[in-house]
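Quick note, the sequence shown lines up with residues 1 to 335 if you use UniProt numbering. Beta carbons are placed, not taken as given, at the ideal position from N, Cα and C, and that holds for glycine. Being a predicted model, the structure only gives us computed values, none of them experimental. Some notes on the structure that comes next.
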Amino acid sequence: MPAALEGEVLPQILKFPQSSSSSPISNRRRSEQSPKKIGRKMGNPRGRDWMKLFFIYGTDEWLKIGFLIFNAISFIAITILLQIYFSPFISFLHSLLPSLPTSALRCSAAFAGSVLAVSALLLLIAAANILYSSLPLRWLMAHRMIAAVPDWSAVRTALDLGCHRGILLNVVALQLKKQGSSGRVVGLDASRKTAIAALRRARAEGVQKYVTCREGDARRLPFAGGNFDVVVSAIHLSGIGRHSRRDSPAASSAERVRGLAELVRVLKPGGIGVVWDLVFVPEFAQRLKEMGMEEVRVSGSVTAYLTRSHMVSFRKPLTAAGAEVALQDWRVDIG
Numbered sequence: 001m002p003a004a005l006e007g008e009v010l011p012q013i014l015k016f017p018q019s020s021s022s023s024p025i026s027n028r029r030r031s032e033q034s035p036k037k038i039g040r041k042m043g044n045p046r047g048r049d050w051m052k053l054f055f056i057y058g059t060d061e062w063l064k065i066g067f068l069i070f071n072a073i074s075f076i077a078i079t080i081l082l083q084i085y086f087s088p089f090i091s092f093l094h095s096l097l098p099s100l101p102t103s104a105l106r107c108s109a110a111f112a113g114s115v116l117a118v119s120a121l122l123l124l125i126a127a128a129n130i131l132y133s134s135l136p137l138r139w140l141m142a143h144r145m146i147a148a149v150p151d152w153s154a155v156r157t158a159l160d161l162g163c164h165r166g167i168l169l170n171v172v173a174l175q176l177k178k179q180g181s182s183g184r185v186v187g188l189d190a191s192r193k194t195a196i197a198a199l200r201r202a203r204a205e206g207v208q209k210y211v212t213c214r215e216g217d218a219r220r221l222p223f224a225g226g227n228f229d230v231v232v233s234a235i236h237l238s239g240i241g242r243h244s245r246r247d248s249p250a251a252s253s254a255e256r257v258r259g260l261a262e263l264v265r266v267l268k269p270g271g272i273g274v275v276w277d278l279v280f281v282p283e284f285a286q287r288l289k290e291m292g293m294e295e296v297r298v299s300g301s302v303t304a305y306l307t308r309s310h311m312v313s314f315r316k317p318l319t320a321a322g323a324e325v326a327l328q329d330w331r332v333d334i335g
């Protein structure tokens with residue numbers, strides 16, 4: 001890889017446009033917006049060419065999808081063979097179990113075929129849901145997340161915590177571009193390779209001048225406190241510490257809280273945070289309230305990856321003294 005690209009992807013020091021210590025978003029009153037108003041403001045995400053999106057972003061769930069489809073096809077094939085060779089199969093079972101009546105064997109075989117057919121259907125539905133969740137739903141949820149920010153024209157610095165393939169990262173960048181902003185969004189991921197790939201996708205979307213990517217740990221963000229007007233994160237915080245502390249739910253919860261506390265720390269007073277997660281949004285909402293965050297709102301559920309996911313948005317208080325004390329208390333708890 002050219003040295004210039006590496007320097008652009010993983011700068012040692014990130015330079016942002018000059019801005020005040022408090023977020024200008026707080027100068028505008030947050031109000032509830034109807035879906036139609038949000039649609040006019042953010043554009044219609046359904047208007048995108050889904051094939052183009054798959055070409056740019058792809059999916060990282062091919063193994064799961066392939067496994068589910070393979071098993072579904074196997075079950076369908078067995079069901080068809082059972083239908084075709086039903087009588088010979090019953091005769092074979094009767095030779096193995098002569099004490100059982102033929103009617104019982106026929107009922108058992110028919111029931112097994114029905115179970116296989118229903119299982120195949122459920123596996124195909126699961127594969128379709130995972131495929132949909134891995135890109136189209138992520139794209140739509142990214143637009144829903146940015147709609148939670150009342151005034152993007154006031155945003156100069158934004159952070160995507162756990163940028164992964166760059167879907168949410170680029171939706172934020174597209175919004176900055178639409179506003180004619182001079183701001184920038186930073187994508188942070190634990191993997192250097194993933195961060196580089198996210199920047200390449202930003203180039204494919206034509207928003208490379210609005211995007212900076214770098215490697216980093218969500219539990220120890222490499223940014224000063226109060227650095228960003230907006231911080232967003234999609235299906236990332238729940239995975240913090242999952243592999244290294246799988247056998248300790250309490251320790252995993254503490255790691256998630258550490259990541260959430262870091263997200264709050266780098267927000268400017270008055271800044272907006274938005275988190276989408278599959279499992280832990282109720283926990284995050286409770287922690288945010290205990291940290292002194294304002295306007296903590298939990299969205300309705302959205303089925304993603306075969307589970308009910310939610311989104312939580314909040315605003316960091318302009319007077320953040322109470323929030324800083326709460327963050328320090330949490331750090332004592334998690335060691």
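What residues in its chain sit with their C-beta under 6 Å from that of residue i, if we drop five residues either side in the sequence?
i    : result
V279 : S238
L82  : G113
M311 : W276, S299
V149 : V230, I272
A127 : I65, L68, I69
T307 : L278
G259 : A218, R219, L237, I240
Q175 : I146, W152
Could you tell me the alpha carbon to alpha carbon distance between residue i and residue j, rounded to whole angstroms?
i    : j    : result
R220 : W152 : 27 Å
F86  : I235 : 47 Å
C213 : I78  : 49 Å
L318 : E290 : 16 Å
V264 : V296 : 13 Å
R200 : Y57  : 10 Å
P198 : L105 : As written in the sequence, residue 198 is Ala, which differs from the Pro given in the question. Their Cα atoms are separated by approximately 57 Å.
T59  : S248 : 30 Å
R165 : M141 : 14 Å
R156 : Q179 : 11 Å
W62  : P282 : 30 Å
D189 : C107 : 55 Å
Y132 : E262 : 31 Å
L169 : E294 : 24 Å
Between residue i and the rest of its own chain, which residues show a CB-CB distance below 7 Å, the 5 nearest in sequence each way excluded?
i    : result
N71  : L123
V172 : I146, A158, D160, V185, V232
S309 : W276, D277, L278, S301, V302
L96  : none
If I follow the unbroken alpha helix (DSSP H) through residue i, where does it start and stop?
i           : result
M311        : Note, M311: premise wrong, no alpha helix (DSSP H); beta strand (DSSP E) at 307-315.
residue 340 : For residue 340 there is no data in the structure shown, the boundaries of the chain being 1 and 335.
P249        : 249-266
E283        : 281-290
L93         : 86-96
V171        : 167-178
R201        : 192-205
Go ahead and label residue i buried or exposed: buried means 16 or more other beta carbons lie within 10 angstroms of its beta carbon, across all protein chains shown.
i    : result
S316 : It should be pointed out that residue 316 corresponds to Lys in this sequence rather than to Ser. Label assigned to K316: buried.
F284 : buried
E32  : Because the pLDDT of E32 is 41, which lies under 50, any placement of that residue in the model is unreliable, and the number read from its coordinates should be weighed accordingly. By the neighbour-count rule (16 or more Cβ atoms within 10 Å), E32 is not buried but exposed.
M115 : Position check: residue 115 holds Val in this sequence, whereas Met was assumed. Exposed, because fewer than 16 other Cβ atoms sit within 10 Å of the Cβ of V115.
S182 : exposed
A250 : exposed
F223 : buried
S34  : Reliability fails at S34, whose pLDDT of 40 lies under 50, so the model's placement of it is uncertain and the value that follows must be treated cautiously. Result: exposed.
S252 : buried
S99  : exposed
Starting from residue i, trace the beta strand (DSSP E) in both directions and tell me its first and last residue.
i    : result
T59  : That residue, T59, is in no beta strand (DSSP E); it is neither H nor E in DSSP.
A158 : 157-161
S233 : 228-234
G187 : 184-189
T212 : 211-215
T303 : 302-304
V296 : 294-298
Who are the Cβ neighbours of residue i in its own chain at under 8 Å, not counting the five residues just before and after it?
i    : result
A109 : L82, F86, F89, I90, L93
S191 : E215
T102 : I90, H94
T194 : C163, H164, R165
I167 : Y57, L135, R138, W139, A142, A234
Segment contact, 8 Å Cβ cut-off, at least three pairs: the segment 264-276 with the segment 220-235
yes
Check whether the segment 50-68 and the segment 133-147 are in contact - that is, three or more C-beta pairs closer than 8 Å.
yes
Whether or not the segment 115-130 and the segment 191-209 are in contact is what I'm after, with contact meaning three or more pairs of Cβ atoms, one per stretch, closer than 8 Å; do they touch?
no
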